[in-house]
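2 protein chains.
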Amino acid sequence: MKTNEALEKLAAYEKTSFALGHAAGLMYYDGATIAPKGSADIRGSTLGELSRMGYNLTTSKETLEMLETLMADKASLDFITARKVSELFRDYDRVRRIPVDEYVAWQELAAKSDAVWHEAKEKDDFALFEPYLQKMFDTAKRIALYMEPDKKPYDTMLDMFERGLDTEKCEAFFIPLRAKLVPLIQKVTAKADQVDDTPLKQSFPVETQRRFSEFLMDVMELDRNHCLIGETEHPFTINFSKYDVRITTHYHEDMLVSSLYSVIHEGGHALYELHIGNDITFTNIGGGVSMAIHESQSRFYENIIGRSREFCGIIYPWLKKEFAPRLDNVTEDAFYRMINKSTPSLIRTEADELTYSLHVMIRYELEKRMFDGTLTAKQLPAEWNRLYKEYLGVDVPNDRKGVLQDSHWSNGNIGYFPSYAIGSAYSAQYIIEMSKNLNLWEEIKSGRLGKINAWFEDRIWKHGKTYDPGKLFESVCGNFNPDVYISYLEKKFTEVYGL
Amino acid sequence: MKTNEALEKLAAYEKTSFALGHAAGLMYYDGATIAPKGSADIRGSTLGELSRMGYNLTTSKETLEMLETLMADKASLDFITARKVSELFRDYDRVRRIPVDEYVAWQELAAKSDAVWHEAKEKDDFALFEPYLQKMFDTAKRIALYMEPDKKPYDTMLDMFERGLDTEKCEAFFIPLRAKLVPLIQKVTAKADQVDDTPLKQSFPVETQRRFSEFLMDVMELDRNHCLIGETEHPFTINFSKYDVRITTHYHEDMLVSSLYSVIHEGGHALYELHIGNDITFTNIGGGVSMAIHESQSRFYENIIGRSREFCGIIYPWLKKEFAPRLDNVTEDAFYRMINKSTPSLIRTEADELTYSLHVMIRYELEKRMFDGTLTAKQLPAEWNRLYKEYLGVDVPNDRKGVLQDSHWSNGNIGYFPSYAIGSAYSAQYIIEMSKNLNLWEEIKSGRLGKINAWFEDRIWKHGKTYDPGKLFESVCGNFNPDVYISYLEKKFTEVYGL
Chain A
1 MKTNEALEKL AAYEKTSFAL GHAAGLMYYD GATIAPKGSA DIRGSTLGEL SRMGYNLTTS
61 KETLEMLETL MADKASLDFI TARKVSELFR DYDRVRRIPV DEYVAWQELA AKSDAVWHEA
121 KEKDDFALFE PYLQKMFDTA KRIALYMEPD KKPYDTMLDM FERGLDTEKC EAFFIPLRAK
181 LVPLIQKVTA KADQVDDTPL KQSFPVETQR RFSEFLMDVM ELDRNHCLIG ETEHPFTINF
241 SKYDVRITTH YHEDMLVSSL YSVIHEGGHA LYELHIGNDI TFTNIGGGVS MAIHESQSRF
301 YENIIGRSRE FCGIIYPWLK KEFAPRLDNV TEDAFYRMIN KSTPSLIRTE ADELTYSLHV
361 MIRYELEKRM FDGTLTAKQL PAEWNRLYKE YLGVDVPNDR KGVLQDSHWS NGNIGYFPSY
421 AIGSAYSAQY IIEMSKNLNL WEEIKSGRLG KINAWFEDRI WKHGKTYDPG KLFESVCGNF
481 NPDVYISYLE KKFTEVYGL
Chain B
500 MKTNEALEKL AAYEKTSFAL GHAAGLMYYD GATIAPKGSA DIRGSTLGEL SRMGYNLTTS
560 KETLEMLETL MADKASLDFI TARKVSELFR DYDRVRRIPV DEYVAWQELA AKSDAVWHEA
620 KEKDDFALFE PYLQKMFDTA KRIALYMEPD KKPYDTMLDM FERGLDTEKC EAFFIPLRAK
680 LVPLIQKVTA KADQVDDTPL KQSFPVETQR RFSEFLMDVM ELDRNHCLIG ETEHPFTINF
740 SKYDVRITTH YHEDMLVSSL YSVIHEGGHA LYELHIGNDI TFTNIGGGVS MAIHESQSRF
800 YENIIGRSRE FCGIIYPWLK KEFAPRLDNV TEDAFYRMIN KSTPSLIRTE ADELTYSLHV
860 MIRYELEKRM FDGTLTAKQL PAEWNRLYKE YLGVDVPNDR KGVLQDSHWS NGNIGYFPSY
920 AIGSAYSAQY IIEMSKNLNL WEEIKSGRLG KINAWFEDRI WKHGKTYDPG KLFESVCGNF
980 NPDVYISYLE KKFTEVYGL
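Protein chains in written order, with our numbering: chain A, 1 to 499; chain B, 500 to 998.
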């Protein structure tokens, strides 16, 4: 095969591969939002077939020949094409080691598990989910060993979401973070009565909350021509290319800030995907580069922007007016403190900025132990509850608010959690870098985030997976330094709680 | 290849083929309901790729070998398998004559045209849609000639939606029907002042109409575990197997009956698909057999049931209460007359039972002429308007309410329209047959349509495409006799209008 012919085959490959991902993605989105409940089995079967087609495409003789031709002539390829080819070859090389039936069964199991998890969570019935959960971990372990026989399976899973991450790096990050966070959290907890957020727990009509989501999407300058919002049990973002990105939220009538921060968080993910460079969209490198980089965006929008004083200046007047008279006796300053109230609590997605990383650490601990064989699915609820008591001092009343709360394990995102905390830590470093080019806080005050978006677009979003995530972060912020994150938290919560 | 091996390959073929159809169907549904507008192009591209995969699957050497093996050993196959194989072979034999690029381009064009049609209708801008419409007809003609080189292309299109239908049969049905309907319509029009339906044109809040749809779906005993309702510009039903059927409606605040009859009509389609036999679901014969049979179901539920006195006894109390005080001065008898008001009008989907077939005849005339070369897309609006004046006596004020009203031509359903009228005529014959087994009108009065559903399930629904549509109809009702339909209309409208 000549290089030119191989390049043509690459273009055709990209189109087919994109279409399969697009179809499977839409099917997942539909299943999580509006699909009738009784359709889960057949959706699982179709997702299995689509992934079989993807597997066959990736591992076909023709694809291999195309990739080998291009790898052999890599020096003649432009930078972007060379990156696409080496990433494809890496995928090929890992996937071909997985027997096709295992691969398809894994996709089908994930679809089925996700449906069972939804039901189990609704019914607060962990026993229903337990066999699926155990199978998910067992299968993930086998898949990881197929892909990287010489690596610890959990490290392979971590690397899947964050290229280069392993248990050692996690330990190096989490242990000192915990050491510094715990005393700070204790100081805040001792002054818990400084902030009372009961006014945010009145009844806030869902219809108005829906309009508020639209307002937030306008402030964030999310292009509605390519982005919509749906409703689901557990909020997530999915993209079928930069031209079609879907965010989701869940409205709780008695919790104003739950959907508010879901929308900003998922909106941050969506902005990233909506601004992938035109030259790489529809290709294997045309998406967010890693989970930590992705979370560094979503959590920057959620916390650094969304929980700032300046952002309160934008959202507080809207909320006060549209939900009148509920917030009539709440000042803007009091509102700022309320949205930054820190309380050791049960639900990760509703955790405050300060305690959030401890929720992540608990999941990291449990995943690690599910992989090293010292824990089974059956034992998970008890261990979950024990760690929540130990790390956060809270009693878990039921599995719905405990081990069943997150969707990640049910749909195969095992090894994903640590990137939430790393992303949060990354996000603090952007504040420093951004200040060299624009006044972040003044931009937020303007009520339109377009210039902040442009800053990220230039440095991160447009590049997609062109660079490895660690290298990309360093190109923007220099070395990763978790102390910046700690300092940011210390300064903010010292001020909010008058420590 | 041995027969056993071929049977295994058939099972694998069915699974993949089903998955591709499922994925494409969901993508179509999403595009017509909630997808962001700017996603149409990329959705078209993915639909094109999915159809390319379908084409490759259908025409592959392996499939051919499988089919030839089974065709050669057809005598040894059970009845269902033999039917599946001969239907697959027929499809194969037709599709393989279409060049793959033409085939894919046709799918992509249909997706794109559909998006442009939505926009053109919204903007009342026929010029925007015209080039796509012309291309759709040109391409349909070419595709028809590839499939059946010796047949008139329009006959091939008719046959595609209704096996065995051709222009000759259409003329034999439509010409006498028109001859009998026109004088009846004239008599009714002369007494137009007998029925005043202005009370149905007040403001009916959409939120309450949404709840009414749920009520209707309960009355129809549509299984919500496998069936949901969405909102779209032009109502349609789509099924991704009997386990996931989606109906759609469009709410007009100032027209109570528009969504009401969309929901019952689409609900009739959905009931059919929800009750396909378990033994054939997921296979090539696991769906409604033809458009006329499908429409005979949807229009039976819409008109025979939905516009009956007995059905008023179910829906009128609900509407009176929930929309109070709007219908306080409307008696149940007056309500019955209102929902049966007959007025020559502009919009097919909102046409009354009596004038409906004339809307269909206009579209049939125009399609026929687009195919025989005596009409172009550019000339369509003028001809459309001329025929509406001639057949129905109405002036078409704009293309939005004229040639742009239906989605069929934009998404490739050319040759579909005649089956609406044939299905309507079929539906009257079911009344006679059904009366041999159950009391239709008493069943409607009960407010639950389950027993009526069961009657259709046994005779029609469960069979899917096991029998040719004409044969299936005859097995239930004997010979097709349009006079039954005429008599039904004469009797009903003589009574409603006191002729």
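Every residue, glycine too, gets a C-beta built ideally from N, C-alpha and C.
Every value quoted in this text rests on a predicted model; they were computed, and no experiment measured them.
Shown here, Thr748/B sits in a strand according to DSSP, grouped into three states. Put simply, the CB of Met66/A is far from chain B, with every gap to its CB atoms at 8 Å or more.
In the displayed model, Glu162/A falls within coil according to three-state DSSP, outside both helix and strand.
About 6 Å separates the beta carbons of Asp254/A and Lys201/A, which is inside the 8 Å limit, making them a contact pair. At a beta-carbon threshold of 7 Å, the residues of chain A lying near Ala534/B are Asp244, ordered along the chain.
Rounded to the nearest angstrom, the gap between the Cα atoms of Leu387/A and Leu346/A is 11 Å.
Between Arg459/A and Val484/A, the C-beta gap is not smaller than 8 Å, which leaves the two residues out of contact.
Taking every protein chain shown into account, the CB of Pro648/B has fewer than 16 other CB atoms within 10 angstroms, so this residue is exposed.
Thr557/B sits in a helix when the DSSP states are folded into three classes.
In chain order, Ile541 make up the part of chain B whose C-beta sits under 7 Å from the C-beta of Ser241/A. Taking the beta carbon of Glu548/B as reference, the chain A residues within 7 Å of it are Lys15, Thr16, Ala19, listed in sequence order.
With the rule of 3 Cβ pairs closer than 8 Å, the region 453-469 of chain A does not count as touching the region 198-218 of chain A.
For Gly423/A, there are no neighbours in chain B by C-beta distance under 9 Å, as the nearest C-beta there is about 26 Å away. In this structure, the straight-line span from the alpha carbon of Asn479/A to that of Tyr416/A is close to 22 Å. For Asn385/A, the uninterrupted alpha helix (DSSP H) segment begins and ends at 380-387.
Cα atoms of Trp409/A and Asp30/A: separation of roughly 19 Å, rounded to the nearest angstrom.
In the DSSP assignment, Met255/A forms a beta bridge with His252/A. Interface residue (Cβ-Cβ distance to chain B less than 8 Å): Asp30/A is classified as such. Taking CB atoms only, Met526/B has a neighbour in chain A less than 8 Å away. The residue from Tyr742/B, Tyr527/B, Glu504/B with its alpha-carbon nearest to that of Ala40/A is Tyr742/B. Under a criterion of Cβ atoms nearer than 7 Å, the residues of chain A adjacent to Leu727/B are, in order, Ile34, Pro36.
For the pair Leu556/B and Asn783/B, the CB atoms are not nearer than the 8 Å cut-off. With a 10 Å radius around the Cβ and a threshold of 16 neighbouring Cβ atoms, Lys341/A comes out buried. Of all C-beta pairs linking the region 761-772 of chain B to the region 928-941 of chain B, fewer than three are shorter than 8 Å, placing the two stretches out of contact. Ile185/A sits in a helix when the DSSP states are folded into three classes. Taking all protein chains shown into account, Pro675/B has fewer than 16 neighbouring C-beta atoms within 10 Å of its C-beta and is therefore exposed.
DSSP places Gly729/B in the uninterrupted beta strand (DSSP E) bounded by 726-730.
Inter-residue distance for Glu973/B and Gln606/B is about 34 Å (C-alpha atoms, whole angstroms). Exposed is the label assigned to Ile432/A, since fewer than 16 other Cβ atoms lie within 10 Å of its Cβ. From the listed residues Thr16/A, Thr33/A, Glu14/A, Leu50/A, the smallest Cα separation to Gly520/B is found for Leu50/A. Assignment of beta-bridge partners to Asn239/A by DSSP yields Val245/A.
Assignment of Leu354/A by DSSP, reduced to helix, strand and coil, places it in the coil class. Gly892/B and Arg542/B have their C-alpha atoms roughly 41 Å apart. The Cβ of His774/B sits no closer than 8 Å to any Cβ of chain A.
The alpha carbon of Leu7/A has as its nearest neighbour, out of Gly412/A, Asp93/A, Ser76/A, Val496/A, the alpha carbon of Ser76/A. In this structure, the alpha-carbon of Phe660/B lies about 6 Å from that of Ser789/B.
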